[in-house]
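Residue numbers (our numbering): 521 to 938.
The C-beta atom is built at its ideal place from N, Cα and C for all residues, glycine as well.
Here is the structure we will look at, set down as structure tokens.
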Ligand SMILES: Cc1cc2nc3c(=O)[nH]c(=O)nc-3n(C[C@H](O)[C@H](O)[C@H](O)COP(=O)(O)OP(=O)(O)OC[C@H]3O[C@@H](n4cnc5c(N)ncnc54)[C@H](O)[C@@H]3O)c2cc1C
């Protein structure tokens, strides 16, 4: 391996100044942007791909796992895009499937209505620090490197990219060995109404039995009776934040997709053809920041409650084997709070919050909090907290949680028992 390192310096033009810059437009990032914009802040949202929605669109996850409540921005999405699933109360569970294409369009439109300035094809590159704060983020754009200046930055990259660059300590995957949950390339098959000739491209696998499949099981959803089959059956042992492992995962997962489709066509879905393969292999788990509080397995199992709760969930512990085994560790939980401290980096950076799947949580706790609805909830709270911290002229770690709760309520978030 070459061991040369370079120091790299450039003059970079500022493209925009905002009150709050959100990096990453997944569930956490879109909700953070909306939460802050509704508090009257000028918000820029930077996304490295061409679409909002994160894994929900880019990786075609397209199922909302049940979290025990339908509240806040998540509730609005259901109401506006999937009205037939909207429960009467905030404390009910649903698990609807949706079209990733419709969510993509919906979120574009939503950002426009909320006055959020979205920049696509803008990949975060680095932070410019000034003492204990981030002054600007440097982004790779279609026009080259550009700076975006902000009073507050919210890292919603899922991989804690901004936080890591700013020097926030972090850990990756399982505590004992750093292994993460595997990656999965989601795809959709469509019923054509007539027999389809199964194809198996060169280099792919012939799966004979269920036990030969990458997960050792059939896992798919037959969407709403419209002849579409959403398939979550590939599995690749890889860390989605590791360049070399991602290279392997993207090619291996695609081979598995063709192989699984071939298997399904031979075992009950003889009239189905591949209709869509997600643009990228889905990433379940990478880096977790070290935050002021770390959510633990004991919190999840024991139903922990916190005075600074910003999100609640009862989604199960759900660990796809990090060891390349064909097993999934699924354990029901009754419900617990996620405190604000999980989004506040332990390192003294006054103006950075981290929302979404990269918050401070152990491997097991993360497996439960990682689903989309919870990430929307965390994002909304982070956007509000960042806005409040600007108004009060305090570091993000010094925000009055009462004010965050008040604004969450105004934005139609209901936290049980609060
Ligand atoms: C295969 C799979 C199946 C899943 N199944 C379900 C399910 O059934 N139901 C459910 O609710 N959840 C499911 N999940 C979990 C859920 O989809 C994710 O945990 C959730 O989307 C995380 O939200 P997030 O906003 O934290 O991050 P992400 O969704 O990962 O979004 C991060 C965003 O940041 C952007 N980004 C990353 N780096 C940069 C950068 N350097 N610069 C700019 N932008 C950047 C990305 O492009 C992306 O848009 C699944 C996940 C996977 C991978």
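When DSSP states are grouped into helix, strand and coil, residue 729 belongs to the coil group. At the C-beta level, residue 569 and residue 545 come within 9 angstroms of one another. Judged by the Cβ position, residue 847 fails to qualify as a neighbour of ligand 1 at the 8 angstroms threshold, every heavy atom of the ligand being at least this far. Per DSSP, the beta-bridge partners of residue 707 are 751 and 797.
If you check the CB distance, residue 889 and residue 877 come in under 9 angstroms. For the 9 angstroms CB-CB criterion, residue 710 and residue 798 do not form a contact.
For ligand 1, a non-hydrogen atom lies closer than 8 angstroms to the CB of residue 752. Here residue 686 is near residue 869, since their CB atoms are less than 9 angstroms apart. In this structure, the CA atom of residue 557 is about 8 angstroms from the CA atom of residue 903.
No Cβ-Cβ contact shorter than 9 angstroms links residue 779 with residue 705. Looking at the DSSP output, residue 792 shares a beta bridge with 711.
For residue 734, the distance from the CB to the nearest heavy atom of ligand 1 is not below 8 angstroms.
The three-state secondary structure of residue 786, taken from DSSP, is helix. Three or more beta-carbon pairs separated by less than 8 angstroms are not found between the segment 852-867 and the segment 763-775, which leaves the two stretches without contact. Ligand 1 has no heavy atom closer than 8 angstroms to the beta-carbon of residue 710. Distance check between residue 841 and each of 628, 820 and 701 places 701 closest, using alpha-carbon atoms only. Cβ-Cβ distances below 6 angstroms link residue 892 to 547, 576 and 584 in the same chain, with the five nearest sequence neighbours on each side left out; the list follows chain order.
For the segment 881-923, the full-length alpha helix (DSSP H) segments reaching 4 residues or more read 883-889 and 892-912 along the chain.
Judged by beta-carbon spacing, residue 838 lies beyond the 9 angstroms limit of residue 591, meaning their Cβ atoms are not closer than that value. In terms of CA proximity to residue 645, 675 leads the group 581, 782, 675 and 813.
Contact annotation: residue 777 and residue 707 have beta-carbon atoms nearer than 9 angstroms.
Sixteen is the threshold: since fewer than 16 other Cβ atoms of the shown chains lie within 10 Å of the Cβ of residue 534, the residue is exposed. Going by C-alpha positions, residue 616 is about 21 angstroms away from residue 549. Looking at the backbone, the Cα of residue 638 and that of residue 607 are separated by about 31 angstroms. Contact between residue 541 and residue 670 holds, since their C-beta atoms are separated by about 4 angstroms, short of 8 angstroms. Taking the CA atoms as reference points, residue 573 sits about 7 angstroms from residue 627. When the five nearest sequence neighbours on each side are left out, the beta carbons in the same chain lying within less than 6 angstroms of the beta carbon of residue 655 are those of 648, in order along the chain.
Per DSSP, the unbroken alpha helix (DSSP H) holding residue 555 starts and ends at 547-557.
Going by DSSP, residue 722 is part of no alpha helix (DSSP H) at all; its letter is neither H nor E.
Annotated three-state conformation of residue 660 is strand, per DSSP. When the alpha-carbon of residue 910 is set against those of 563, 731 and 698, the nearest one is in 563. Within 8 angstroms of the C-beta of residue 746 there is not a single heavy atom belonging to ligand 1. Every alpha helix (DSSP H) stretch that sits fully inside the segment 550-619 and reaches 4 residues is listed by chain position as 575-578 and 592-601. Exclusion of the five residues before and after residue 643 leaves 568 and 660 as the residues of its chain whose Cβ lies within less than 6 angstroms of its Cβ.
In this structure, residue 585 has its CB closer than 8 angstroms to one or more heavy atoms of ligand 1. Using a Cβ distance threshold of 9 angstroms, residue 807 and residue 684 count as a contacting pair.
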